[in-house]
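*Asks:*
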Amino acid sequence: MNSDDELAERLRDGDDKALRMVYDRHGAAVLYLAQRLLGNRADAEDVTQVTFVAAWTGRDSYDPQRGTMLGWLLGIARRKAVDRMRTAARDERVAETVRAQLAPPDERETPERVVDRLVVADEMDRLPEEQRRTLELAFFDDLTHPQIAAVTGLPLGTVKSHIRRGMANLRRRWEVDGATFGSRSAGRTRAL
Amino acid sequence: MQHLDPDRLVVLALSEEPGPSESDHLDDCPGCRGDLATLRDVADLGAEGQDLRGLPTPPEHVWQAIEAEIAPDVARAAAPAGVTELAGHRARPRRPRPRWLTPLLAAAAAAVVAVAGTVAVDRIAGRAPVEQVEARATLTPLATVPADASGSVRVLSGGRMQIDVRNLPLTTGFHEVWLIDPDDLSKMVALGNLADQPDVLLPVPPGTDLNRYRLVDVSDEPHDGDATHSGRSLLRGTLTS
Ligand SMILES: [Zn+2]
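From first to last, the protein sequence lines stand for chains A and B. Position in the first sequence counted from 1, then plus 191, gives you my numbering. Position in the second sequence counted from 1, then plus 98, gives you my numbering.
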């Protein structure tokens with residue numbers, strides 16, 4: 192697997208195959224974000240397209256030191272989708288969709304929240320296998336540490352350290368790439 | 099001041115309530131309180147990630163549009179001859195991983211260990227047809243589903259299930275495959291999702307009793323973070339050997 196550094200360098204060199212690799216790796220997350228925000232498939236595909244074209248055009252602006260490729264792409268996609276929502280709000284044809292969509296202000300579905308979720312899920316995928324597996328059992332199956340030890344056959348101490356390290360990895364990634372982390376310390380606002 | 103142990107903070111974020119002395123400390127210590135709040139946020143986000151498994155890749159026409167738009171720029175960039183070829187080949191889209199759900203923890207315990215981490219979903223295409231079929235089912239649409247929807251299932255030796263569906267209604271979420279105990283409809287095993295493919299191979303967790311979990315169910319699942327069955331079944335059929 193090519194690292195973000197490597198892909199960034201090849202992008203800067205104008206290698207479109209690198210863009211395709213980025214697209215294969217992260218296109219689904221970009222499409223998902225756009226679909227969540229826009230609520231319709233055609234607009235979501237448009238935004239996905241626009242996002243990757245913008246990533247290509249703006250490839251010199253990506254700095255692997257400042258965050259992951261996925262975080263950067265989702266930032267672009269989020270701006271493009273929000274632009275699209277604003278445009279759409281002025282467009283009678285889709286005004287209905289937008290109203291329906293904005294009607295229940297669900298704090299879990301803010302653009303930032305969806306980005307954070309994608310970023311954390313991506314980091315889950317990058318964790319070492321046992322770390323990931325123990326965290327999945329804790330998150331998805333609500334198992335306690337001892338239950339996880341019983342299910343996996345790992346010693347309890349190992350489970351604890353996998354979970355602690357896994358959580359630390361997710362936290363670090365969220366702090367680097369997440370969209371809401373900066374605002375969290377200001378209180379967990381319900382505002383969109 | 100004795101701060102809370104980092105391991106303990108993680109446990110508090112995930113599953114347990116703080117004891118009285120811990121609560122007192124949290125009330126007094128902004129540091130530990132902040133850490134705990136952050137860890138809880140991370141745990142929430144992690145749990146919400148369950149429905150992000152196997153997100154469908156965008157359709158190829160999206161890429162074609164991107165490619166067409168960047169083409170002039172690529173041509174310019176590639177002007178000096180001898181563009182370096184990739185070290186590897188063009189990356190293939192990542193295979194979707196099935197979402198693992200273990201409502202039947204005891205039965206699935208061995209499966210979690212045995213199956214996690216192995217590549218679980220395989221395209222059937224190109225596979226030699228030497229598989230031994232251990233059970234089959236014909237899937238028929240439920241009353242609310244267009245009558246031309248259909249599917250067929252073959253359980254192959256080695257604990258894999260090949261499922262082939264036609265004319266499923268479009269979904270904004272995804273199609274999930276389940277094995278259900280028809281004698282107790284609350285008992286079921288999630289096998290994975292169809293990821294917009296007409297035919298897929300899904301692993302059957304080792305130890306799954308197909309005489310009991312013999313009802314094959316394909317459901318429409320929204321991306322709502324809820325891993326349980328949505329209640330919207332589209333196709334069903336019973337396995338027979
Ligand atoms: Zn403290």
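All C-beta atoms in this analysis are idealised placements derived from N, C-alpha and C, irrespective of residue type, glycine included. Being a predicted model, the structure only gives us computed values, none of them experimental.
Measuring straight from C-alpha to C-alpha, what distance separates Pro-116(B) and His-101(B)?
*Replies:* Straight-line Cα distance between these residues: approximately 13 Å.
*Asks:* Quick check: what's the CA-CA separation for Val-306(A) versus Arg-232(A)?
*Replies:* Taking the straight line from one Cα to the other gives about 18 Å.
*Asks:* Could you tell me whether any Cβ in chain A is nearer than 7 Å to the Cβ of Gln-148(B)?
*Replies:* Closer than 7 Å to some Cβ of chain A, the Cβ of Gln-148(B) qualifies, so yes.
*Asks:* In the DSSP assignment, the alpha helix (DSSP H) including Met-420(A) goes from what residue to what residue?
*Replies:* Absent from the structure is residue 420(A), since the part of chain A shown begins at 192 and ends at 383.
*Asks:* Using a 10 Å radius around the Cβ and a threshold of 16 neighbouring Cβ atoms, would you call Asn-360(A) buried or exposed?
*Replies:* Counting Cβ neighbours within 10 Å, Asn-360(A) comes out buried, since at least 16 surround it.
*Asks:* Can you tell me whether Trp-365(A) is helix, strand or coil according to DSSP?
*Replies:* Trp-365(A) falls in the helix class under three-state DSSP.
*Asks:* If contact means a Cβ-Cβ distance below 8 Å, which residues of the region 238-252 of chain A contact chain B?
*Replies:* The residues in question are Thr-239, Gln-240, Phe-243, Val-244, Trp-247, Thr-248.
*Asks:* What is the rounded straight-line gap between the Cα of Asp-246(B) and the Cα of Thr-335(A)?
*Replies:* If I take the Cα positions, the gap works out to 45 Å.
*Asks:* Can you tell me whether Thr-239(A) is helix, strand or coil according to DSSP?
*Replies:* Here Thr-239(A) sits in helix by DSSP.
*Asks:* Any heavy atom of ligand 1 closer than 6 Å to the beta-carbon of Gly-129(B)?
*Replies:* Gly-129(B): yes, Cβ under 6 Å from ligand 1.
*Asks:* Measuring only from the beta carbon, is His-101(B) closer than 6 Å to any heavy atom that is part of ligand 1?
*Replies:* True, at least one ligand heavy atom lies under 6 Å from that Cβ.
*Asks:* Under 9 Å between beta-carbons, which chain A residues line up against Ile-168(B)? List them in chain order, please.
*Replies:* Those are Asp-207, Leu-210, Phe-243, Val-244, Trp-247, Thr-248, listed as they occur along chain A.
*Asks:* Which term fits Val-196(A), buried or exposed, when burial requires 16 or more other beta carbons within 10 angstroms of its beta carbon?
*Replies:* According to the sequence shown, residue 196(A) is Asp rather than Val. Flag for Asp-196(A) reads exposed.
*Asks:* Do the CB positions of Leu-299(B) and Gln-260(B) come within less than 7 Å of each other?
*Replies:* Going by C-beta atoms, Leu-299(B) is nearer than 7 Å to Gln-260(B).
*Asks:* Listed in chain order, which residues of the region 336-354 of chain A have Cβ atoms closer than 7 Å to some Cβ of chain B?
*Replies:* Result list: His-336, Val-342, Thr-343, Gly-344, Lys-351, Ile-354.
*Asks:* Counting only the same chain and skipping the five closest in sequence on each side, list residues whose C-beta sits under 8 Å from that of Thr-336(B).
*Replies:* Ala-235, Pro-280, Arg-312, Leu-313, Val-314.
*Asks:* Would you kindly work out how many angstroms separate the C-alpha atoms of Arg-355(A) and Leu-224(A), rounded to a whole number?
*Replies:* So the alpha carbons of these two residues sit roughly 29 Å apart.
*Asks:* Return the CA-CA distance between Ser-331(B) and Asp-274(A), expressed in angstroms with no decimal places.
*Replies:* Using only the alpha carbons, I get a separation of about 37 Å.
*Asks:* State the Cα-Cα distance for the pair Pro-118(B) and Arg-138(B), rounded to the nearest angstrom.
*Replies:* For Pro-118(B) and Arg-138(B), the distance between alpha carbons rounds to 19 Å.
*Asks:* Establish whether the CB of Trp-365(A) and some CB of chain B are separated by less than 7 Å.
*Replies:* For Trp-365(A), the answer is yes, since a Cβ of chain B falls inside 7 Å of its Cβ.
*Asks:* Along the beta strand (DSSP E) that carries Gly-343(B), what are the first and last residues, could you check?
*Replies:* With chain B covering 99 to 339 only, the question about residue 343(B) has no answer from this structure.
*Asks:* So Pro-320(B) and Thr-270(B) are supposed to be a Cβ contact under 8 Å. How far apart are they, rounded?
*Replies:* Confirmed, about 7 Å.
*Asks:* Which word fits Ser-328(B), buried or exposed, when buried means at least 16 other C-beta atoms lie within 10 angstroms of its C-beta?
*Replies:* So Ser-328(B) ends up on the exposed side.
*Asks:* Using a Cβ-Cβ distance cut-off of 7 Å, determine whether Ala-268(A) contacts chain B.
*Replies:* No, because no Cβ of chain B sits closer than 7 Å to the Cβ of Ala-268(A).
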